[in-house]
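K.L.:
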Ligand SMILES: [Zn+2]
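In my numbering, the protein residues as written are 21 to 228.
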């Protein structure tokens with residue numbers, strides 16, 4: 021019932037998935053070298069213990085400008101034997117409603133009344149891995165850790181974890197992304213109001 025309530029409430033404010041908006045979403049790994057995916061919401065290995073996206077979801081998307089910035093980031097990272105591992109990016113609006121119905125706490129999930137940068141295709145959750153070994157580099161926490169340890173200003177961790185977290189932030193900023201104080205892995209492309217909340221299922225998106 022709650023689900024339908026939100027759709028009725030929010031529905032009129034979501035723009036129709038216009039052709040241009042759909043066209044603006046591009047598949048990340050096709051444009052960004054060495055990108056690896058571990059899409060946490062396409063399996064049950066996430067904080068909800070439920071599969072949020074269809075099992076068949078193996079790729080993800082962002083708006084084109086953000087993906088072009090990611091390409092520059094990946095090219096610079098390559099020189100340091102590093103690559104990007106993506107946990108989540110574009111998220112259909114219905115998935116945000118699903119999260120809200122499961123968790124219902126704004127500290128952990130986006131309130132559908134506001135939508136999320138992920139719904140607009142401008143947010144990405146990522147970390148770094150070593151190209152030569154394929155191993156993740158050490159970061160303060162794993163994905164979706166909702167404790168203080170995940171905050172950018174948390175310092176009661178090893179020096180190498182601080183350095184790795186700050187290194188990721190620096191390179192993301194250098195190419196135009198913004199960070200979120202409470203989640204070291206979450207980055208946003210700016211000017212969110214320029215991008216519509218979308219509810220296009222993954223299977224309808226073109227791999228381009
Ligand atoms: Zn995120």
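Built from N, CA and C at the ideal position, the CB exists for glycine as well.
No experiment lies behind these values; they were computed from the predicted model shown.
Can you list, in chain order, the residues of its chain with a C-beta nearer than 8 Å to that of residue 151? Leave out the 5 residues immediately preceding and following it.
P.N.:
Around residue 151: 54, 98, 101, 102, 103.
K.L.:
Residues in its own chain within less than 8 Å of residue 158 by CB, not counting five upstream and five downstream?
P.N.:
Within the same chain, residue 158 has close Cβ partners 178, 180, 181, 184.
K.L.:
Quick check: the Cα distance between residue 84 and residue 96, rounded to an integer number of angstroms?
P.N.:
When rounded, the distance between both Cα atoms is 19 Å.
K.L.:
Look at the alpha carbon of residue 154 and the alpha carbon of residue 119, and state the distance between them as a whole number of angstroms.
P.N.:
Distance between the alpha carbons of residue 154 and residue 119: 31 Å.
K.L.:
Considering only heavy atoms of ligand 1, does any lie closer than 6 Å to the CB of residue 172?
P.N.:
Residue 172: no, Cβ never under 6 Å from ligand 1.
K.L.:
If we ignore side chains and look at the alpha-carbon of each, how far apart do residue 42 and residue 222 end up?
P.N.:
Cα-Cα distance, rounded: 11 Å.
K.L.:
Taking 6 Å as the cut-off, does the CB of residue 143 come closer than this to any heavy atom belonging to ligand 1?
P.N.:
Answer for residue 143: yes, Cβ within range of ligand 1.
K.L.:
So, residue 72 versus residue 57, is the Cβ gap smaller than 7 Å?
P.N.:
Cβ atoms of residue 72 and residue 57: not closer than 7 Å.
K.L.:
Near residue 170, what residues of its chain come up, given a Cβ to Cβ distance below 6 Å and the 5 sequence neighbours on each side ignored?
P.N.:
Cβ neighbours of residue 170 beyond the five flanking positions: 161, 203, 204.
K.L.:
State the Cα-Cα distance for the pair residue 31 and residue 114, rounded to the nearest angstrom.
P.N.:
Residue confidence for residue 31 is low, a pLDDT of 49 falling below 50, so the modelled location carries little weight and cannot support an answer.
K.L.:
Going by the beta-carbon positions, is the gap between residue 87 and residue 51 smaller than 7 Å?
P.N.:
It is a contact, given that the beta carbons lie within the stated cut-off.
K.L.:
Please list the terminal residues of the continuous alpha helix (DSSP H) segment that includes residue 193.
P.N.:
Segment 179 to 194, the alpha helix (DSSP H) holding residue 193.
K.L.:
Taking only the alpha-carbon atoms, compute the straight-line gap between residue 211 and residue 197 and give it to the nearest angstrom.
P.N.:
Computed Cα separation, rounded: 10 Å.
K.L.:
Less than 8 Å between C-beta atoms, sequence neighbours within five positions excluded: which residues of the same chain meet that for residue 141?
P.N.:
Correct list, in chain order: 44, 45, 81, 82, 83, 86, 109, 110, 215, 218.
K.L.:
Pick out whichever of 66, 107, 92, 193 has its Cα sitting closest to the Cα of residue 78.
P.N.:
When each option's Cα is compared against that of residue 78, the closest is 107.
K.L.:
Mind checking who residue 198 pairs with in its DSSP beta bridge?
P.N.:
Partner(s): 208.
K.L.:
Start and end of the alpha helix (DSSP H) containing residue 47?
P.N.:
Where residue 47 is concerned, there is no enclosing alpha helix (DSSP H), although the beta strand (DSSP E) it sits in stretches over 45 to 47.
K.L.:
Could you tell me if the beta carbon of residue 54 falls within a distance shorter than 6 Å of some heavy atom in ligand 1?
P.N.:
Not under cutoff, so the answer is no.
K.L.:
Go ahead and label residue 47 buried or exposed: buried means 16 or more other beta carbons lie within 10 angstroms of its beta carbon, across all protein chains shown.
P.N.:
The residue is buried, with at least 16 neighbouring Cβ atoms inside 10 Å.
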